[in-house]
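Engineer: Okay, here's the structure, questions in a sec.
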Amino acid sequence: MNTRRQFLIDGLRVSAALPFLAGTGPRLFPREAREERVLVVVQLTGGNDGLNMVVPHRQDAYFRLRPTLSQDPRKLHPLDGDHGLHPSMGGLAELYGEGLVAVVHGVGYPGADRSHFRSMEVWHTGDPDHPAGDVGWLGRLADQVAAEDATGLPALQIGGGSLPLALWARSTFTPSVRDASGFRLEGSARFAKARGRVLGIERRGTEAFLAEAARVSYDAAERMARSADRPSKVEYPGSGFARGLRLIARLVESRFGTRIFHIELGGFDTHSRQAPAHADLLRTLSSALTAFLRDLEASGVAGDVATLVFSEFGRRVQENGSRGTDHGQGAPVFVLGGGVRGGMYGTPPDLTHLVEGDVPTTTDFRSVYAALEKDWLGLTPSSSLRALPLVT
Amino acid sequence: MKLHVLRPWRPGRGEWNRAAVYHLARRAGFGAGRAELDRLLAGGVSDAVDRFLSDDAPDARLLAGAAALLPQGEIDALAAWWMSLILSGKAPLRERIALLWHDHFATSFAKVKDVRMMHRQNTLFRERGLGDFRELLHAVATDPAMLIWLDGDANRAGTPNENFAREVMELFALGIGNYTERDIQESARALTGWGTEGRSFRYRAPDHDGGTKTIFGERGTFGGEEAIDLILAQPACPRHIARRLLEEFVAPNPRKEWVEETAELLVSEDWSIGRTVEVILRSELFFSPQARRSRIAGPIELVATTIRTLGARVPARLALEAAMRMGQIPFQPPSVKGWDGMKTWINAGAWVARHNALWRLARAHVEDTDEVHLDLRDSLGSPKSNEDATRFALELLTPDLVDGAFAEAVRESVRSAPSLDEALTGATALVLTAPEYHLI
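So the sequences go chain by chain: A and B. Residue numbers are given in our numbering: position 244 of the first sequence equals residue 244, and the series is strictly consecutive. Residue numbers are given in our numbering: position 157 of the second sequence equals residue 157, and the series is strictly consecutive.
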């Protein structure tokens, strides 16, 4: 396994030195399977209460610190003897049973900060020491993909909002799309030709960025219209989040060429009256992810897609005075897909040993990133941390 | 105070030109049509700046129009009302500042859920946005929409809620790195008891924590007002506000020495935003090449300046819808951080929205609808030939780029247009949808 990976990375260097290997004739070696692999990142915005998602129901402290918010152990979906998934996450529990889900406990970063923005910056840049940078971890991956295949669209943000820092890149422009319908371009063919000429002149700085953005947008608009309307083989729930995942499945199925997708589910900042809102959010998450995986299976591409689910931080173990929870530190993340080694990773939280009232970080988020960057996509990771063995 | 970076601009021969007056009109306000730009140009730079400062009264009839729409409770109607004030061209700097403070003290209807409170906050920004920043910050801290937005009602003795205390330091007044977690916790305690009743501010004495707090090293039984005064007394505060003004009026990523001088100026002008902005608008820095077309135009300013520069007649609601599709929904900023601006304005969906709206606007010249009216012969100044069409469109919309590769590419495309009207719409649409035009 490791040898093959090493070969791939070294191989790129070798081929640069010996151009005949990458010559213009037919490929000497079959296309490396990794080049088809796709990473989907699901961001749970606001700080998801990981403790009520992956519930440590054997620990008395859980019930003591959460008199109104603790989950009834009998209603949980069991994962192992000590942990169960929230009652509204039946679909995800089923996927876990099939070995499609890796659960990593206590993920976070050193020197936790309880600011949403700072914490998000750390996750997005992958750099706890210099989080205020302007290149994101997915942007760095997009740049690497683009360096090998300049014609594709390496990354896409699904949701239509402004582009998250994670996708900011040095040289790659990543579009953000809400759905395929926002992509219908107006203007005559004659005008399209004229604007092509105007876009073609040489530019520098921000003008060059805008010209590249325009080119990528026009191209994406034309190609997206072709692949997005394909029917799906699986019924999806009605949420906007599910529609976004459905669009990703269609684009993967039609070999749109995008390797990195980013999508958000918001509303996790549950400071007050958490229980009903959080249950709804987890249901939305679980049902949409389940449909997504079943859809990928039906389309024969489940083995090509790995999905990371993370949030900027977990929440305080002790519930607050308004039946909610405040900002905390470590929290579980999920990695799911046909090429994922399902099971539990990291150190499960021990609620008798908290740090400032929080579940401490026991797994550095960069070791999850490394598994996806290096082992999954075959690209250069953003840190030197050892990758968790999450994927095949 | 002695000015260096912000010393007044004395234009050399030919420097006070179409490009300079266009820059002023789009930054100090939301643009101006050809005839008005010509008038401002003829009067000289000092009078032109005066015009943006002295035309200070919003259109009274439009302003009063809010009363009729508030009972409907529709936030988009309020946003369209604001757009109509922006498009009116009256009190241009006041509307610019109101938009800036809305972005800075970003409060969303998504949580406030009350149109009257959003209107009240908007009025605060319009009426006091050019005044003393210290008074503005105090007023924002007791603004009902803000209290709901950042959980003032939940901030009580014994169970403090840090939401407002954190954001006032991180985003509104100081910037990250200029306070400790302790300062936040203690300020939150000082602010306990501040909440709302109905649509008004209400202080509840029993909810206030009267104990001793330590904020920025000072000990005392501080209340909310005192906590805000302690924040305002931090040297980071005038710098934070100076940086914000420079990002808006000069260029993103302002240099350290610009920030230092502007912060000093702000304090020496008794924290008057209006007088500080006036000095910026008259400065060499404001008219320098590094300030010109240095920002990616946000959707509201892009839509409004385009409509006003072309002298198009567009219902405020349609203008608002265009801005919303491009990713800026007034009264619903994405987070308390506001709109991140610059590159984050641009994504494929947003670019397609910009393209479609601007292309459609230019087409209104030949496909006049009941709602949108545009006469490009009038807007551009009676062109006689396809060649004129290109030149006049460039002179009006990108006056610093009438020569060179960009102008040549437009000219080449328009040369063979089948009629003068097609040449006019073609040249205008090409310039409007070109990257160059989206820098303001």
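Beta carbons are placed, not taken as given, at the ideal position from N, Cα and C, and that holds for glycine. Please read these numbers as outputs of a predicted model, since none were measured by experiment.
Using a Cβ-Cβ cutoff of 8 Å, what residues of the stretch 350-377 of chain B are near chain A? List them in chain order.
Structural biologist: Answer in chain order: Ala-350, Trp-351, Val-352, Ala-353, His-355, Asn-356, Trp-359, Arg-360.
Engineer: Based on DSSP bridge pairs, tell me the residues matched to Val-335 of chain A.
Structural biologist: Looking up residue 335 of chain A in the first sequence gives position 335. BP columns for Val-335 of chain A point to A:Ala-102, A:Leu-308.
Engineer: Check the C-beta distance from Thr-363 of chain A over to Gly-106 of chain A and give it rounded, since I have them as a contact under 8 Å.
Structural biologist: Walking along the first sequence from the start, residue 363 of chain A turns up at place 363. Walking along the first sequence from the start, residue 106 of chain A turns up at place 106. Correct: roughly 5 Å between the Cβ atoms.
Engineer: In the DSSP assignment, what residue or residues form a beta bridge with Ile-296 of chain B?
Structural biologist: As a first step, residue 296 of chain B must be located in the second sequence, where it is residue number 296. Paired residues: B:Leu-439.
Engineer: Distance, Cα to Cα, Phe-334 of chain A vs Gly-195 of chain B?
Structural biologist: For this step, residue 334 of chain A is matched to residue 334 along the first sequence. For this step, residue 195 of chain B is matched to residue 195 along the second sequence. So the two alpha carbons sit approximately 40 Å from each other.
Engineer: Is DSSP giving Asp-358 of chain A helix, strand or coil here?
Structural biologist: Here residue 358 of chain A refers to the residue found at position 358 of the first sequence. Note: Asp-358 of chain A maps to strand in three-state DSSP.
Engineer: In chain B, what lies closer than 8 Å to Leu-185 of chain A by C-beta?
Structural biologist: Counted from its first residue, the first sequence places residue 185 of chain A at position 185. Those within 8 Å of Leu-185 of chain A in chain B are Val-352, His-355, Asn-356.
Engineer: Applying the 10 Å Cβ sphere with the 16-neighbour rule, what's the burial state of Glu-253 of chain A?
Structural biologist: Mapped onto the first sequence, residue 253 of chain A falls at position 253. With 16 or more other Cβ atoms within 10 Å, it is buried.
Engineer: Which ranges does the beta strand (DSSP E) cover as unbroken runs of at least 3 residues, wholly within the stretch 68-129 of chain A, from first to last along the chain?
Structural biologist: Complete beta strand (DSSP E) runs here, min 3: 101-108.
Engineer: In this structure, how does DSSP classify Thr-24 of chain A when only helix, strand and coil are distinguished?
Structural biologist: Translated into positions along the first sequence, residue 24 of chain A becomes position 24. Note that Thr-24 of chain A scores a pLDDT of 32, beneath 50, so its modelled location is shaky; the value from the coordinates is reported in the next line. Three-state DSSP puts Thr-24 of chain A in coil, outside helix and strand.
Engineer: Give a yes or no on whether 9 Å exceeds the smallest Cβ distance from Ile-231 of chain B to chain A.
Structural biologist: Start at 1 with the first residue of the second sequence, and residue 231 of chain B comes out as number 231. False, the Cβ-Cβ gap to chain A never drops below 9 Å.
Engineer: What residue range does the alpha helix (DSSP H) around Trp-194 of chain B cover?
Structural biologist: Taking the second sequence and counting its residues from 1, the one referred to as residue 194 of chain B is at position 194. No alpha helix (DSSP H) holds Trp-194 of chain B; the beta strand (DSSP E) holding it covers 194-197.
Engineer: Can you grab the Cα-Cα spacing for the pair Glu-297 of chain A / Asp-375 of chain A, in whole Å?
Structural biologist: Counted from its first residue, the first sequence places residue 297 of chain A at position 297. Counted from its first residue, the first sequence places residue 375 of chain A at position 375. Going by the C-alpha atoms only, they are around 21 Å apart.
Engineer: State yes or no: is the beta carbon of Thr-428 of chain B nearer than 9 Å to at least one beta carbon in chain A?
Structural biologist: Counting from one through the second sequence, the residue named residue 428 of chain B turns up at place 428. For Thr-428 of chain B, the answer is no, since every Cβ of chain A falls outside 9 Å of its Cβ.
Engineer: If we ignore side chains and look at the alpha-carbon of each, how far apart do Thr-123 of chain B and Leu-150 of chain B end up?
Structural biologist: Taking the first residue of the second sequence as position 1, residue 123 of chain B is located at position 123. Taking the first residue of the second sequence as position 1, residue 150 of chain B is located at position 150. Thr-123 of chain B and Leu-150 of chain B: Cα-Cα distance of roughly 19 Å.
Engineer: Expressed to the nearest angstrom, what Euclidean distance is found between the alpha-carbon atoms of Gly-314 of chain A and Leu-388 of chain A?
Structural biologist: As a working note, residue 314 of chain A is residue 314 in the first sequence. As a working note, residue 388 of chain A is residue 388 in the first sequence. Near 20 Å, if we compare the C-alpha coordinates of Leu-388 of chain A and Gly-314 of chain A.
Engineer: Which residues in chain B sit within 9 Å of Ser-322 of chain A, going by Cβ to Cβ distance?
Structural biologist: If you number the first sequence from 1, residue 322 of chain A lands on position 322. Per Cβ cutoff of 9 Å: Ala-154, Thr-159, Asn-161.
Engineer: Is the beta carbon of Leu-379 of chain A closer than 9 Å to that of Val-145 of chain A?
Structural biologist: By 1-based counting over the first sequence, the position of residue 145 of chain A is 145. By 1-based counting over the first sequence, the position of residue 379 of chain A is 379. Result yes, Cβ atoms of Val-145 of chain A and Leu-379 of chain A sit closer than 9 Å.
Engineer: Could you work out which residues of chain B lie near Gln-157 of chain A, taking near to mean beta carbons separated by less than 8 Å?
Structural biologist: Locating residue 157 of chain A in the first sequence gives position 157, counting from the first residue. By Cβ distance, chain B contributes Asn-347.
Engineer: Here's a check: name, in chain order, each residue in its chain whose Cβ is nearer than 7 Å to the Cβ of Gly-175 of chain B, leaving out the five neighbours to either side.
Structural biologist: The count along the second sequence starts at 1 and reaches residue 175 of chain B at position 175. Only Ala-236, His-240 meet the Cβ criterion.
Engineer: Counting only Cβ pairs nearer than 8 Å, list the residues of chain A close to Pro-406 of chain B.
Structural biologist: Counting from 1 along the second sequence, the entry for residue 406 of chain B is found at position 406. This sequence places Phe at residue 406 of chain B; Pro is not what is there. Those are Val-198, Ile-201, listed as they occur along chain A.
Engineer: To the nearest whole angstrom, what separates the beta carbons of Ala-370 of chain A and Asp-295 of chain A, a pair I think is in contact under 8 Å?
Structural biologist: As a working mapping, residue 370 of chain A is identified with position 370 in the first sequence. As a working mapping, residue 295 of chain A is identified with position 295 in the first sequence. No, Ala-370 of chain A and Asp-295 of chain A are not in contact; Cβ-Cβ is about 28 Å, not under 8 Å.
Engineer: Alpha carbon to alpha carbon, how far is Asp-55 of chain B from Arg-61 of chain B? Give it in angstroms, no decimals.
Structural biologist: One-based indexing of the second sequence puts residue 61 of chain B at position 61. One-based indexing of the second sequence puts residue 55 of chain B at position 55. Cα-Cα distance, rounded: 16 Å.
Engineer: Work out the CA separation of His-327 of chain A and Ala-275 of chain A for me, nearest whole Å.
Structural biologist: For the purposes of this step, residue 275 of chain A is identified with residue 275 of the first sequence, where counting begins at 1. For the purposes of this step, residue 327 of chain A is identified with residue 327 of the first sequence, where counting begins at 1. Computed Cα separation, rounded: 16 Å.
Engineer: Cutting at 6 Å between CB atoms, please list the residues of its own chain near Asp-59 of chain B, excluding the five before and the five after it.
Structural biologist: Residue numbering aside, residue 59 of chain B sits at position 59 when the second sequence is read from its first letter. Only Ser-88, Lys-90 meet the Cβ criterion.
Engineer: Report the neighbours of Phe-241 of chain A on chain B: residues whose CB is nearer than 8 Å to its CB, in chain order.
Structural biologist: Counting from one through the first sequence, the residue named residue 241 of chain A turns up at place 241. What Phe-241 of chain A touches in chain B: nothing, since even the nearest Cβ is about 17 Å away.
Engineer: Taking the alpha-carbon positions, what's the Asp-113 of chain A to Phe-331 of chain B distance?
Structural biologist: Walking along the first sequence from the start, residue 113 of chain A turns up at place 113. Walking along the second sequence from the start, residue 331 of chain B turns up at place 331. Rounded to whole angstroms, Asp-113 of chain A to Phe-331 of chain B spans 29 Å at the Cα level.
Engineer: Since Ala-180 of chain A and Ala-228 of chain A should fall inside the 8 Å C-beta cutoff, what is the C-beta to C-beta distance between them, to a whole number of angstroms?
Structural biologist: Residue 180 of chain A sits at position 180 when you count from the first residue of the first sequence. Residue 228 of chain A sits at position 228 when you count from the first residue of the first sequence. Confirmed, Cβ separation roughly 3 Å.
Engineer: What three-state label does DSSP hand Gly-266 of chain A in the structure shown?
Structural biologist: Here residue 266 of chain A is taken as the residue at index 266 of the first sequence, counted from 1. Strand at Gly-266 of chain A.
Engineer: Would you kindly report the start and end of the unbroken alpha helix (DSSP H) that includes Gly-378 of chain A?
Structural biologist: Here residue 378 of chain A is taken as the residue at index 378 of the first sequence, counted from 1. Run containing Gly-378 of chain A: none; DSSP gives neither H nor E here.
Engineer: Taking Ile-158 of chain A as part of the beta strand (DSSP E), name the residues at either end of that continuous run.
Structural biologist: For the purposes of this step, residue 158 of chain A is taken as the residue at position 158 of the first sequence. From DSSP, the beta strand (DSSP E) with Ile-158 of chain A extends over 155-158.
Engineer: Less than 6 Å between C-beta atoms, sequence neighbours within five positions excluded: which residues of the same chain meet that for Asp-143 of chain A?
Structural biologist: Taking the first residue of the first sequence as position 1, residue 143 of chain A is located at position 143. Within the same chain, Asp-143 of chain A has close Cβ partners Ala-169, Arg-170, Ser-171, Thr-172.
Engineer: Determine, using beta carbons only, whether Pro-333 of chain B and Ser-108 of chain B come nearer to each other than 9 Å.
Structural biologist: Residue numbering aside, residue 333 of chain B sits at position 333 when the second sequence is read from its first letter. Residue numbering aside, residue 108 of chain B sits at position 108 when the second sequence is read from its first letter. Cβ atoms of Pro-333 of chain B and Ser-108 of chain B: closer than 9 Å.
Engineer: Under 9 Å, Cβ to Cβ, is there at least one residue of chain B near Lys-193 of chain A?
Structural biologist: By one-based count along the first sequence, residue 193 of chain A stands at place 193. Answer yes: the Cβ-Cβ gap between Lys-193 of chain A and chain B drops below 9 Å somewhere.
Engineer: Just tell me which of B:Pro-315, B:Arg-34, B:Ile-346, B:Arg-415 has its CA closest to the CA of Asp-370 of chain B.
Structural biologist: Along the second sequence, read from residue 1 onward, the residue named residue 370 of chain B stands at position 370. When each option's Cα is compared against that of Asp-370 of chain B, the closest is B:Pro-315.
Engineer: Take Leu-100 of chain B and list the residues in its own chain whose beta-carbon comes closer than 7 Å to its own, dropping the five residues that flank it on each side.
Structural biologist: Counting from one through the second sequence, the residue named residue 100 of chain B turns up at place 100. Result list for Leu-100 of chain B: Glu-248, in chain order.
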